[in-house]
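Novice:
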Amino acid sequence: MRIRVDALDKIANGAGLTSRYAIAKRLGVSQSTVGRVLDGEQLPGNPFIAATLTAFDVSFDEVFEVGEVADEVAA
12 MRIRVDALDK IANGAGLTSR YAIAKRLGVS QSTVGRVLDG EQLPGNPFIA
62 ATLTAFDVSF DEVFEVGEVA DEVAA
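Per this note's numbering, residue 12 is the first one in the sequence shown, and the count goes up by one each step.
Written as structure tokens, this is what we have:
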């Protein structure tokens, strides 16, 4: 599973959140977690996904996509 960075950026900007710090604060997670997820260094976990869906009132498919397991393991 991957985050659609472009989609989250658009949604966050629409909410007036223009920094990773602001996104992290809205989600209730650390700025480093937001950075690792957005940079593709870490897959989004259930708490991150739930916080994103709740904080921005969006559907799963708007922000996340399910990829091949081999792609995720290689990343």
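The C-beta atom is built at its ideal place from N, Cα and C for all residues, glycine as well.
(1) Helix, strand or coil for R15, going by three-state DSSP, please let me know.
(2) Short of 7 Å in beta carbon distance, which residues of its chain neighbour S70, apart from the five on each side in sequence? Order them along the chain.
(3) If you measure between the beta carbons of A94 and Q42, is that distance less than 7 Å?
(4) Can you list, in chain order, the stretches of the alpha helix (DSSP H) that have 4 or more residues and sit fully within the region 12-54?
Specialist: To lay it out plainly:
(1) Counting from one through the sequence shown, the residue named residue 15 turns up at place 4. Coil at R15, not helix or strand.
(2) Sequence index remark: in the sequence shown, residue 70 carries index 59 (1-based). Hits under 7 Å: none found.
(3) Residue 94 cannot be examined here, being either before or after the span of the chain that is shown, 12 to 86.
(4) 16-25, 31-38, 42-49
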